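Same order as they appear, the protein sequences are chains Z and R.
Residues 10 to 86, numbered by the numbering used here, are exactly what the first sequence covers, in order.
Residues 48 to 311, numbered by the numbering used here, are exactly what the second sequence covers, in order.
Beta carbons: idealized from backbone N, C-alpha and C, even for Gly.
Everything numeric in this text was worked out from a predicted model, so none of it was measured.
Everything below concerns the one structure shown next.
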Amino acid sequence: MAKAVGEVIIDIEKCKGCELCIEACPEDTLALANAINKKGYRYAEVVANNCTGCANCAIICPDACITVYRLIMKKIA
Amino acid sequence: MSEIPTIEINKETIIKPENLVYKPPKTLFDTPMHYCPGCGHSTVHKIFMEVVEEMGIENDIIGVAPVGCSVFAYYYMNVDMQEAAHGRACAVATGIKRVLPDKFVFTYQGDGDFAAIGTAESIHAANRGENFLVIFINNAVYGMTSGQMAPTTLYDMVSTTTPYGRDPKIHGHPFKITDLIAQLPGAVYVTRQSVHTTANVRKAKKALRKALEIQKLNLGFQLVEIVSNCPSNWRMTPLESLKFIEEQMLPFYPLGDLKVPEGI
């Protein structure tokens, strides 16, 4: 079975810390950071290495600050 | 082949243009939006601009911005936009569509703009069967002016002007303008969607695309109502507001197509 590995890039200056991506993530890859961005919001960050690149976080993100990459392992093997 | 080649997986091997699955649309300006954290307005801006980018019509679409929270829609959507007086977006869009009939035209309105002050313009544009798309964001309060009761406010819902909840004997009944417009022969595509879960965001995006495709066929008025949230004025966290949509808004405003042209 093909295994998918993903990577999300979060534009932390656009993030407002609404936590919708954290709720939408089925793998619990994301969490709120303890640090804050320029506007004073705690931003979302990647805390685990288990992203599958499903892009649920990016689809629900109201501020369009998430970019998602996905690599299907079958392609390489 | 006896051996399966092993490749080290790291950030560099994943982050490549060919592995891209989602990036914000180019038709949306790369600027932070003024909306509150978790607001559905920005989600709708994003999915609509994705549709515009996917259809490749960014040079052939003209939008009309309303008055309300989304008054600055023209700062975020990288398409031609026109601002209208409060509630008059449908009247302005009628003019634009009649002068430039080969362009796509849409208005982006909230419940205060579309269903309160602009009711006459909205209903008559629908009844005339004007061929443009209305994106109607229903969040049950007047967001920009700090959460007063709107026509769409639910029964018993607390707002700043109904501190004891909306009582139909005093404040009247919630106004389902989408159901009303579905009765009119001029309206051809009327649907109600929501943006409170990932699945619903995808469905709302499909509905917006379908509306623009219907506009291309020159059939008549298209209305896409999107049930949205207002965490600040509902006095909730963004996650609580999504739960409120699921539990309180959707039983009163059921999702789905109210009217679809035959054969589409």
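Item checked: Beta-carbon gap between Ala132 of chain R and Ala120 of chain R smaller than 8 Å -> No, they are not a contact pair.
Check: Would the beta-carbon of Val271 of chain R fall within 8 Å of that of Thr90 of chain R?
Finding: Between Val271 of chain R and Thr90 of chain R, the C-beta gap is not smaller than 8 Å, which leaves the two residues out of contact.
Notebook entry, point to check: Short check: CB of Val114 of chain R to CB of Ile108 of chain R, under 8 Å?
Noted result: In this structure, Val114 of chain R sits away from Ile108 of chain R, with a CB-CB distance that is not shorter than 8 Å.
Checklist line | Under 7 Å (Cβ pairs) to chain Z, residues found in the segment 170-197 of chain R | finding: Residues passing the 7 Å Cβ filter: none.
Check: Would you say Ala42 of chain Z and Asn65 of chain Z are within 8 Å of each other, going by their C-beta atoms?
Finding: Between Ala42 of chain Z and Asn65 of chain Z, the C-beta gap is not smaller than 8 Å, which leaves the two residues out of contact.
Note to self: Please identify, using Cβ separations under 9 Å, the residues of the segment 69-87 of chain R that lie next to chain Z, in order along the chain.
What the structure shows: Correct list: Tyr69, Lys70, Pro71, Pro72, Leu75, Asp77, Thr78, Pro79, Met80, Tyr82, Cys83, Pro84, Gly85, Cys86 and Gly87.
Notebook entry, point to check: Would you call Pro64 of chain R buried or exposed, if buried means 16 or more other Cβ atoms sit within 10 Å of its Cβ?
Noted result: Classification of Pro64 of chain R: exposed, given that the 10 Å Cβ count is below 16.
Check: Name the residues in the segment 13-39 of chain Z whose C-beta lies less than 8 Å from a C-beta of chain R; which are they?
Finding: Hits within the stretch, in order: Val14, Gly15, Glu16, Ile18, Glu22, Lys23, Lys25, Gly26, Cys27, Glu28, Leu29, Glu32 and Ala33.
Note to self: Less than 7 Å between C-beta atoms, sequence neighbours within five positions excluded: which residues of the same chain meet that for Ile94 of chain R?
What the structure shows: Contacts found: Val248, Ala251, Lys252 and Leu255.
Check: By how many angstroms is the C-alpha of Glu55 of chain R removed from the C-alpha of Met48 of chain R?
Finding: Confidence at Met48 of chain R is low in this model, with a pLDDT of 48, below 50, so its placement is unreliable and the value that follows should be read with caution. The straight-line gap from Cα to Cα measures roughly 20 Å.
Margin query: Check whether chain R comes within 8 Å of Ile45 of chain Z, counting only Cβ atoms and requiring the distance to be less than that.
Written below: No, its Cβ sits nowhere closer than 8 Å to a Cβ of chain R.
Check: Of the choices R:Gly134, R:Arg135 and R:Pro79, whose alpha-carbon is the least far from that of Ile75 of chain Z?
Finding: For the residues R:Gly134, R:Arg135 and R:Pro79, the minimum Cα distance to Ile75 of chain Z belongs to R:Pro79.
Notebook entry, point to check: Is it buried or exposed for Arg79 of chain Z, if we count other Cβ within 10 angstroms and need 16 for buried?
Noted result: Per the 10 Å Cβ criterion, buried.
Notebook entry, point to check: Taking any Cβ of chain Z, which residues in the segment 221-249 of chain R have a Cβ under 7 Å from it, in chain order?
Noted result: So the close ones are Thr245, Val248 and Arg249.
Notebook entry, point to check: Hey, which unbroken runs of the alpha helix (DSSP H) at 4 residues or more fall wholly within the segment 78-155 of chain R?
Noted result: Those alpha helix (DSSP H) runs which fall completely within the segment 78-155 of chain R and span 4+ residues are 87-102, 120-123 and 136-146.
Checklist line | Whole-angstrom distance between Asp77 of chain R and Tyr69 of chain R, CA atom to CA atom | finding: The alpha-carbon atoms of Tyr69 of chain R and Asp77 of chain R are separated by roughly 15 Å.
Notebook entry, point to check: Nearest-angstrom Cα distance between Ala140 of chain R and Phe179 of chain R?
Noted result: Their Cα atoms are separated by approximately 7 Å.
Check: When the cut-off is 8 Å and only beta carbons count, does Ile61 of chain R lie next to chain Z?
Finding: So, interface residue.
Checklist line | Counted within 10 angstroms of its Cβ, other Cβ atoms place Asp72 of chain Z as buried (16 or more) or exposed | finding: So Asp72 of chain Z ends up on the buried side.
Notebook entry, point to check: Are the Cβ atoms of Asn186 of chain R and Asn57 of chain R separated by less than 8 Å?
Noted result: Between Asn186 of chain R and Asn57 of chain R, the CB-CB gap reaches or exceeds 8 Å.
Check: Would you report the Cα separation of Asp20 of chain Z and Cys30 of chain Z, rounded to the nearest angstrom?
Finding: Straight-line measurement puts the Cα of Cys30 of chain Z at about 13 Å from the Cα of Asp20 of chain Z.
Note to self: Tell me which residue opens and which closes the beta strand (DSSP E) that Thr166 of chain R is part of.
What the structure shows: Note, Thr166 of chain R: premise wrong, no beta strand (DSSP E); alpha helix (DSSP H) at Thr166 to Arg175.
Item checked: Pairwise C-alpha distance: Ala246 of chain R and Ala197 of chain R -> Within the model, the alpha-carbon separation for Ala197 of chain R versus Ala246 of chain R is close to 27 Å.
Check: So, does the CB of Leu80 of chain Z fall closer than 8 Å to a CB anywhere in chain R?
Finding: It does: the Cβ of Leu80 of chain Z has a partner Cβ on chain R nearer than 8 Å.
Margin query: Residues of chain Z with CB closer than 8 Å to the CB of Lys58 of chain R, please, in chain order.
Written below: Below the 8 Å Cβ cutoff, chain Z contributes Glu16 as neighbours of Lys58 of chain R, in chain order.
Checklist line | C-alpha gap between Ala57 of chain Z and Asn46 of chain Z, whole angstroms | finding: Computed Cα separation, rounded: 21 Å.
Next item on the list: Would you please verify whether the beta carbon of Lys93 of chain R is less than 8 Å from any beta carbon of chain Z?
Entry: Closer than 8 Å to some Cβ of chain Z, the Cβ of Lys93 of chain R qualifies, so yes.
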